[in-house]
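K.L.:
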Amino acid sequence: MMMASISNSIGLLYLTQGVISGIGSSLAWFPCISAPQQWFSTRRGLAVSVSYMGSGIGGLVLSNIIRVSIESVGVQYSLRILGFIQLVLLGIAFLTVKPLNPIKGEQVPFIDISPFKSSKFWILAAVHGICNFAFYIPPAFVPSYATTLGIKKAISSNMAAVLSGVMVVGKLISGLGNDFFGRSNMLVFYTMMCGVVCLAVWLNAHTESILWVFVVLFGLTGGGYVVSVSSVIAEAVGLEMIESANGWLFFAWIFGGLLGQPVSALIIDHDGGSYTGAIIFAGVLFIASGVAAVVLRFMRSGPKLFVKI
C-alpha cells in the first residue's frame, strides 16, 4: 500500500496494489483460515465461522474508512492509512496465529500436490469451483437490477453492502449448524439453498420488498456456504494436508471469480438488458455445485441417509 501511494503510472499501480499486495494478502490469509481447522475438532465449524466473520466485518469497516479518508485527504494518503492499518492488524495475526503441528521447511515440497491423491478432494474442488462461477453474480448485479425496478440509486447501491453484512450473520449461524448437523450435510444444504433462493426469489423479485428478501436470504445462505466448504476440508483430506488443500481449493476459486461476472454480463447484453438469463445461470450453477456436494457427502457416509457427517 505504501508503494502504491507513490505510484505514478497505471503499470506501477497494478504491480504494487494489484500483484504484490495480492500475494501478501494471500500469504496472510491462508494461515489464518487453516489454523482454526487444526486447533478445533468438535467445534471446528464455529471456529472457522468466527475466523471468516472477521473478513466480512473488516470489509465493511475498511470500505467506510477509505471512503471518508479519500474525501478528506485524497487517494495517496488514504492508501498510506490503509497500509498502516494492515501493518498493525497483520502484525497481531503474525504474533498469534500458530499451526498445531509446525512442519520443518525441508519437509514441505515447493509445490505440494498430495491433496489431489484424494478423490474426495477432487469432488470438493468441483463444488468450490462450480459454485464460485455463481457466487459473485448476486453481489455484482443486484444493485443494477434494482435500478431496473425503479429503485433509487442510493438504496440500490446499499444493497450490496447490506448483503455483505448479512453474510457475517450467515457465517456465524453456519458455524453453529455445521457442528450440530454435520459439515457435509450443511454444505449440501447451503449450496442447494443458494440456487433455490436465486431461482425462487430473485427470479420473481419484481418489487423492492421482494428484492430485499432475496438480499437477506442470499446473505444468510452465501455466508453459510463459505464457512461450510472450508469446514469440510479437514475431513476430506486430513489435518496434515490442510494448508496445501486450502491453497489449491482457493486456486480453483480463481476461474469462477474471473469468468462468472463477465459471462453474466454477456448474457444480460444478449437478452437486451433482461436479467432473467443471468439469474437462471447463477441458480443452475449453485444447484450443480449442490449435486457435487451430495456426491461428496455420500462418499464420506456411504449409503446412510440420516447421519451427522
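In numbering that gives the first Met the number 0, the protein residues as written are 0 to 308. Idealized CB from N, CA, C, for every residue including glycine. Everything numeric in this text was worked out from a predicted model, so none of it was measured.
1) Tell me which same chain residues have a C-beta within less than 7 Å of the C-beta of residue 251, skipping the five on either side of it?
2) Only counting the same chain, and skipping five residues up and downstream in sequence, which positions put a Cβ closer than 7 Å to that of residue 294?
3) With a CB to CB cut of under 7 Å and the five nearest residues on each side skipped, what residues in its chain are close to residue 142?
4) Look at the alpha carbon of residue 132 and the alpha carbon of residue 140, and state the distance between them as a whole number of angstroms.
5) With DSSP run on the structure shown, which of helix, strand or coil describes residue 303?
6) Taking CB distances under 7 Å as the criterion, tell me whether residue 63 reaches chain D.
7) Excluding the 5 residues flanking residue 138 on each side, which residues of the same chain have their C-beta closer than 8 Å to its C-beta?
8) Assess, as a yes-or-no matter, whether the region 238-249 is touched by the region 193-212 under the definition of 3 or more beta carbon pairs within less than 8 Å.
9) Enumerate in chain order the residues of its own chain whose CB-to-CB distance from residue 145 is below 8 Å, with the five nearest sequence positions on each side excluded.
10) If you scan the region 87-155 from start to end, which runs of the beta strand (DSSP E) of 3 or more residues do you find wholly inside it?
11) Can residue 96 and residue 31 be called in contact, C-beta distance under 7 Å?
12) What does the alpha-carbon distance come out to for the pair residue 33 and residue 89?
13) Under 7 Å, do residue 78 and residue 0 count as touching if we go by C-beta distance?
14) Identify which residue in 150, 229, 116 and 80 has its Cα closest to the Cα of residue 189.
15) Taking only runs of the alpha helix (DSSP H) that begin and end inside the region 179-235, which ones reach a length of at least 4 residues, in chain order?
16) Taking the CB atoms as reference points, tell me whether residue 310 and residue 171 lie closer together than 7 Å.
17) Just the Cα atoms here: how many angstroms apart are residue 181 and residue 274?
18) Near residue 117, what residues of its chain come up, given a Cβ to Cβ distance below 7 Å and the 5 sequence neighbours on each side ignored?
19) Which stretch, first to last residue, makes up the alpha helix (DSSP H) that contains residue 263?
20) Buried or exposed: where does residue 66 fall if 16 or more other Cβ atoms within 10 Å of its Cβ makes it buried?
21) Have a look at residue 68 and residue 17 and give me their C-alpha separation to the nearest angstrom.
22) Give the range of the alpha helix (DSSP H) segment to which residue 29 is assigned.
P.N.:
Looking at the coordinates:
1) 124, 127 and 128
2) 122
3) 155, 156, 158 and 159
4) 14 Å
5) Coil.
6) The structure shown contains no chain D; it holds only a single protein chain.
7) 159, 162 and 163.
8) no
9) These residues qualify, in order along the chain: 154, 155, 158, 207 and 210.
10) none
11) Taking the C-beta atoms as reference points, residue 31 is found nearer than 7 Å to residue 96.
12) 16 Å
13) yes
14) 229
15) 182-199
16) No information on residue 310 is available, as it lies outside the stretch 0 to 308 that the chain covers here.
17) 35 Å
18) 235 and 236
19) 241-269
20) exposed
21) 20 Å
22) 20-38
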